[in-house]
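In what follows, a structure is listed as structure tokens, so that the remarks can point back to it.
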Amino acid sequence: MLGELWGRRLLFCNVYAPNVYDHWFFASLLAKITFYPTYELIVAGNFNFPASPELDCRPARARRLRDWDTKGVNFLMDDLSLLDTWCSLHPEERDFTFYSNPHGQYSRIDYILISTVLFPMLSWADILLSPLSDHSPVKMVLKFAPSQGSRS
Numbered sequence: 045m046l047g048e049l050w051g052r053r054l055l056f057c058n059v060y061a062p063n064v065y066d067h068w069f070f071a072s073l074l075a076k077i078t079f080y081p082t083y084e085l086i087v088a089g090n091f092n093f094p095a096s097p098e099l100d101c102r103p104a105r106a107r108r109l110r111d112w113d114t115k116g117v118n119f120l121m122d123d124l125s126l127l128d129t130w131c132s133l134h135p136e137e138r139d140f141t142f143y144s145n146p147h148g149q150y151s152r153i154d155y156i157l158i159s160t161v162l163f164p165m166l167s168w169a170d171i172l173l174s175p176l177s178d179h180s181p182v183k184m185v186l187k188f189a190p191s192q193g194s195r196s
């Protein structure tokens with residue numbers, strides 16, 4: 045979704061990634077996003093793999109993830125200069141967005157990623173409780189200041 049807020053051009057992108065690493069999925073997503081080079085990005089959704097298995101899984105994964113399994117979210121963050129909102133504001137904390145009952149494992153696989161230029165406006169990010177789902181929602185607040193001379 046494209047929009048403009050306080051004079052900033054924004055591209056909002058909702059992601060539901062496959063539960064196995066699919067290079068073509070992420071390459072296609074990257075191509076679609078880079079079609080709008082002048083837009084600041086907010087990319088959110090279920091990436092189905094943790095960015096950092098050591099930090100984002102509890103207990104430690106019994107089956108070590110293959111290197112390419114974690115590439116999806118890291119690929120987008122690196123190539124598009126995106127920041128993980130929750131991790132940026134909570135660098136010393138561990139929290140999780142998904143619980144796998146069959147594996148008895150918690151992981152953080154749901155993210156809100158933003159362009160680095162939006163980081164100064166990030167005032168809050170948290171992982172909320174969700175008793176009715178195996179995924180917990182992630183929420184953030186950006187504080188936009190009106191542009192000088194802006195009438196909208």
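Residue numbers (this note's numbering): 45 to 196.
Backbone N, C-alpha and C define an ideal beta-carbon position, used for all residues, glycine too.
Values in this document were obtained by computation on a predicted structure and should not be read as measured data.
Specify the secondary structure class of M45 as computed by DSSP and reduced to three states. Counting from 1 along the sequence shown, the entry for residue 45 is found at position 1. Coil.
Per the contact definition of three or more C-beta pairs closer than 8 angstroms, is the region 55–73 in contact with the region 163–178? no
Bounding residues of the alpha helix (DSSP H) (the contiguous stretch that carries G116): To locate residue 116, count along the sequence shown from 1; it is residue 72. G116 -> alpha helix (DSSP H) spans 115–124.
C-alpha gap between N118 and L124, whole angstroms: Taking the first residue of the sequence shown as 1, we reach residue 118 at position 74. Taking the first residue of the sequence shown as 1, we reach residue 124 at position 80. Between N118 and L124, the C-alpha separation is close to 10 angstroms.
With a threshold of 16 other CB atoms inside 10 Å of the CB of D154, please say whether the residue is buried or exposed. Here residue 154 refers to the residue found at position 110 when the sequence shown is read from its first residue. Buried, because 16 or more other Cβ atoms sit within 10 Å of the Cβ of D154.
Reference L120, options D139, L99, F142, I77, closest by Cα: Taking the sequence shown and counting its residues from 1, the one referred to as residue 120 is at position 76. The residue with the shortest Cα to Cα distance from L120 is I77.
What first and last residue would you give for the beta strand (DSSP E) that runs through S144? Taking the sequence shown and counting its residues from 1, the one referred to as residue 144 is at position 100. Residues 142–144.
DSSP three-state label for W50, please. As a working note, residue 50 is residue 6 in the sequence shown. Coil at W50, not helix or strand.
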